[in-house]
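Engineer: My questions will all concern the structure given below.
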Amino acid sequence: MFEEKRMFHIIQKNWKLIGLIGIIFAGLTILISFLFHLQYRADAQVMIISKSRYGVDPYTVVKSAEQVGGNLVQVVKSNDFYNKVIAQPGFNLDKTIFDKLSEQDKRKLWQKNIIVSVVYGTGVLNVSAYHENKDQAKEYAGAVANTLVSQAWQYVGGDITLKVINDPVVTSWPVRPNLVVNALVAFIFGILLSTIIFVKRG
Numbered sequence: 649m650f651e652e653k654r655m656f657h658i659i660q661k662n663w664k665l666i667g668l669i670g671i672i673f674a675g676l677t678i679l680i681s682f683l684f685h686l687q688y689r690a691d692a693q694v695m696i697i698s699k700s701r702y703g704v705d706p707y708t709v710v711k712s713a714e715q716v717g718g719n720l721v722q723v724v725k726s727n728d729f730y731n732k733v734i735a736q737p738g739f740n741l742d743k744t745i746f747d748k749l750s751e752q753d754k755r756k757l758w759q760k761n762i763i764v765s766v767v768y769g770t771g772v773l774n775v776s777a778y779h780e781n782k783d784q785a786k787e788y789a790g791a792v793a794n795t796l797v798s799q800a801w802q803y804v805g806g807d808i809t810l811k812v813i814n815d816p817v818v819t820s821w822p823v824r825p826n827l828v829v830n831a832l833v834a835f836i837f838g839i840l841l842s843t844i845i846f847v848k849r850g
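So for the sequence shown, this note's numbering puts the first residue at 649; every next one is plus one.
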């Protein structure tokens, strides 16, 4: 009990300095984050529509669409799909960030910047594209979504069709790295570290 009271007294006595150290940690983290390339994210949605089959219940149709979606998630990561996206007409894609890379590094960057996921229970694919330029993030998300619609049959057969149900929308602020989360974690870490130091010195 005495030890707890002593710790509380030390924290109460130095709370302003402890809070200041937390703020300094958060500020430094934000400054360091700006040394990295800040990226925006554009999101689009594509629906997988199974061709109607007489006597098949809706649950089975949705599960089938989910399975197709899972296959397409892996397809999007491939070099073949990348080439189809780049060749997609009607989009102004900046390819310079990929052109100077080796095939291995290009594939890693592609998989980092283009993320497709399945919304389970709906048969909807979320398409997310990350880029330092807001317009390019939107262009890439749109190109990936359109490529899925026009080329998916090559990978999963002709029993399904895909339709863009939400055109790309880009974030107002950069989302990579996540400045808010990073600053909050740094703030908490700064407070905990300074508290430990004050208590040990106390």
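Positions of the beta carbon are idealized from the N, C-alpha and C atoms, including for glycine.
For clarity, every value in this text was computed on a predicted model and none was experimentally measured.
1) Use the C-beta contact count for Asp-691: other C-beta atoms within 10 angstroms, 16 or more gives buried, fewer gives exposed.
2) Are the beta-carbon atoms belonging to Phe-601 and Phe-673 less than 8 Å from one another?
3) In the structure shown, what three-state DSSP assignment does Ser-712 receive?
4) Mapping DSSP to helix, strand and coil, what is Tyr-768?
5) How about Gln-736: is its C-beta nearer than 8 Å to some C-beta of chain B?
6) Can we say the stretch 660-677 touches the stretch 803-813, given the rule of at least three CB pairs closer than 8 Å?
7) Arg-755 lies in the alpha helix (DSSP H); which residues open and close that run?
8) Taking the CB atoms as reference points, tell me whether Ala-877 and Val-775 lie closer together than 8 Å.
9) Report yes if the CB atom of Asn-761 is closer than 8 Å to the CB atom of Ala-735, and no otherwise.
10) What is the rounded straight-line gap between the Cα of Val-829 and the Cα of Lys-699?
11) For Lys-725, collect the residues of the same chain with a Cβ closer than 7 Å to its Cβ; drop the 5 residues on either side in sequence, then sort them by chain order.
12) Return the CA-CA distance between Lys-732 and Ala-834, expressed in angstroms with no decimal places.
13) Quick check on the DSSP output: the alpha helix (DSSP H) that includes Arg-849 runs from which residue to which?
14) Using a Cβ-Cβ cut-off of 8 Å (strictly less than) and excluding sequence neighbours within five positions of Val-792, which residues of its own chain qualify?
15) Quick check on this structure: which residue in Leu-840, Val-694 and Gly-769 has the alpha carbon closest to the alpha carbon of Glu-714?
16) Ser-698 by DSSP, collapsed to three states: which one?
17) From what residue to what residue does the alpha helix (DSSP H) around Thr-744 run?
18) Taking the C-alpha atoms as reference points, what is the distance between His-779 and Asn-740?
Structural biologist: Checking against the coordinates, here is how it stands:
1) Taking the sequence shown and counting its residues from 1, one reaches residue 691 at position 43. Asp-691 should be labelled buried.
2) Since the first and last residues shown for the chain are 649 and 850, residue 601 lies out of range.
3) Your numbering for residue 712 matches position 64 in the sequence shown. DSSP places Ser-712 in helix when its eight states are reduced to three.
4) Within the sequence shown, the letter at position 120 stands for residue 768. Coil, per DSSP.
5) Protein chain content of the structure displayed is limited to a single chain, and chain B is not contained in it.
6) no
7) As a first step, residue 755 is located in the sequence shown; it is residue number 107 there, counting from the start. Looking at the DSSP string, the run of the alpha helix (DSSP H) that includes Arg-755 is 751-761.
8) Nothing can be reported for residue 877, as the shown portion of the chain is limited to 649 through 850.
9) As a first step, residue 761 must be located in the sequence shown, where it is residue number 113. As a first step, residue 735 must be located in the sequence shown, where it is residue number 87. In this structure, Ala-735 does not lie closer than 8 Å to Asn-761 by Cβ.
10) Here residue 829 refers to the residue found at position 181 of the sequence shown. Here residue 699 refers to the residue found at position 51 of the sequence shown. C-alpha separation (whole angstroms): 43 Å.
11) Looking up residue 725 in the sequence shown gives position 77. Excluding positions up to five away in sequence, the list reads Gln-759.
12) Taking the sequence shown and counting its residues from 1, one reaches residue 732 at position 84. Taking the sequence shown and counting its residues from 1, one reaches residue 834 at position 186. Cα-Cα distance, rounded: 42 Å.
13) Reading the sequence shown from its first residue, position 201 is the one you call residue 849. Per DSSP, Arg-849 belongs to the alpha helix (DSSP H) from 827-849.
14) Sequence index remark: in the sequence shown, residue 792 carries index 144 (1-based). Around Val-792: Ala-692, Val-724, Val-733, Ile-762, Val-764, Val-775 and Ala-777.
15) Indexing the sequence shown from 1 puts residue 714 at position 66. Nearest option by C-alpha distance: Gly-769.
16) By one-based count along the sequence shown, residue 698 stands at place 50. Three-state DSSP puts Ser-698 in a strand.
17) Within the sequence shown, numbered from 1, the residue matching residue 744 stands at position 96. Here the alpha helix (DSSP H) through Thr-744 covers 744-747.
18) In the sequence shown, counting from the first residue as 1, residue 779 sits at position 131. In the sequence shown, counting from the first residue as 1, residue 740 sits at position 92. Computed Cα separation, rounded: 13 Å.
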